[in-house]
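Taking the working numbering, the leading residue of the sequence shown gets 1256, the next gets one more, and so forth.
The C-beta atom is built at its ideal place from N, Cα and C for all residues, glycine as well.
Please read these numbers as outputs of a predicted model, since none were measured by experiment.
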Amino acid sequence: ELNEGENSIRLTAADAGGPNLDFGEITGGPAEEEVVLNAENNNISIFPNPFTGTIAIQNYKGSYEIRGISGQILAKGNMEKQLNLSYLKPGLYFINLEEKTFKIIKN
């Protein structure tokens, strides 16, 4: 989901020894420190956001999928107390918790 007003998207494809290809740029306001969802009397909380390695999801038990901005699934499984996402490169990602999607940012 994009904020109201002007939005731009930047994707960079890089090949070792080859040129970088820039297609646009993503800009926006400050990132949320915590994402909170009230659903069926559950208070789902994802933090920290932005993160550097590990995120915690409170008050949620079920499956998850981590997707990149192009939609590819990068990780999936059943939720534990924390997810180690240190292997991801810095950028914007989406986490799907059943039918809900949240934006997370890796620094």
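- Within the same chain, Cβ atoms closer than 6 Å to the Cβ of Ser-1318 are found at Asn-1333, the five residues on either side in sequence being excluded.
- A Cβ-Cβ contact shorter than 9 Å links Asn-1362 with Pro-1305.
- The secondary-structure analysis by DSSP pairs Glu-1353 with nothing; it has no beta-bridge partner.
- Ile-1328 and Leu-1347 do not touch by the CB rule: their CB atoms are close to 15 Å apart, not below 8 Å.
- With contacts defined as CB atoms closer than 9 Å, Leu-1343 and Ile-1321 qualify as a contacting pair.
- Excluding residues up to 5 positions away in sequence, Phe-1349 and Ile-1350 lie with their Cβ nearer than 8 Å to the Cβ of Thr-1356 in the same chain.
- Contact between Asn-1314 and Ile-1299 is confirmed by a C-beta separation of about 5 Å, below the 8 Å threshold.
- For Asn-1304, no beta strand (DSSP E) segment is defined, and its DSSP state is neither H nor E.
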